[in-house]
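Just so you know, we're using the numbering used here here: the sequence shown kicks off at 4 and counts up by one. A short write-up of the structure that comes next.
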Amino acid sequence: MGLPGVVVESSVIEERPDRVVEEHRALLDAAVRSLQRRFSDVDIESDVVRSSPLNALLGHAERAALIVIGTHHQGVLAGGLTGAVAQDLLWRARCPVLIVPEQASTTDRPDA
Numbered sequence: 004m005g006l007p008g009v010v011v012e013s014s015v016i017e018e019r020p021d022r023v024v025e026e027h028r029a030l031l032d033a034a035v036r037s038l039q040r041r042f043s044d045v046d047i048e049s050d051v052v053r054s055s056p057l058n059a060l061l062g063h064a065e066r067a068a069l070i071v072i073g074t075h076h077q078g079v080l081a082g083g084l085t086g087a088v089a090q091d092l093l094w095r096a097r098c099p100v101l102i103v104p105e106q107a108s109t110t111d112r113p114d115a
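Okay, here's the thing in structure tokens:
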């Protein structure tokens, strides 16, 4: 058994048609399959949530050991490296939060 992981997709528009939700689910499932091929020691599940990104992530934070979030927006923390969701997670999550900037690459690691 590998390490557990959850990939969350959220939607601020709670009244999205089922067709759009299913399209999001299909894209998320494809991303999870790609992650599972690269990281076979991590058990990954996906969750499509009709909520704000912050609330969706906080809902999973209660049972998480770590939240990993990507960011591409400019914020005021850490020299402008975080967006609003990442900033709020840093303050409100009850577990550590790892923020990965958009420019991050695994090619910087010799074992990647």
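C-beta: ideal position from N, C-alpha, C; glycine also.
- Under the criterion of beta carbons closer than 8 Å, L38 and I70 do not qualify as touching, at roughly 15 Å.
- Under the three-state reduction of DSSP, D91 is assigned to helix.
- Assignment of D44 by DSSP, reduced to helix, strand and coil, places it in the coil class.
- In summary, Q106 is exposed, with fewer than 16 beta-carbon neighbours lying within 10 Å of its beta-carbon over all protein chains present.
- Within its own chain, no residue has a Cβ closer than 7 Å to the Cβ of F42 once the five positions on either side in sequence are excluded.
- In this structure, L57 places its C-beta atom within 8 Å of the C-beta atom of V88.
- With 16 or more other CB atoms across the displayed protein chains lying within 10 angstroms of its CB, A96 is buried.
- Secondary structure at S49: strand, using DSSP grouped into helix, strand and coil.
- A residue is called buried when at least 16 other Cβ atoms come within 10 angstroms of its Cβ; G86 meets this threshold and is buried.
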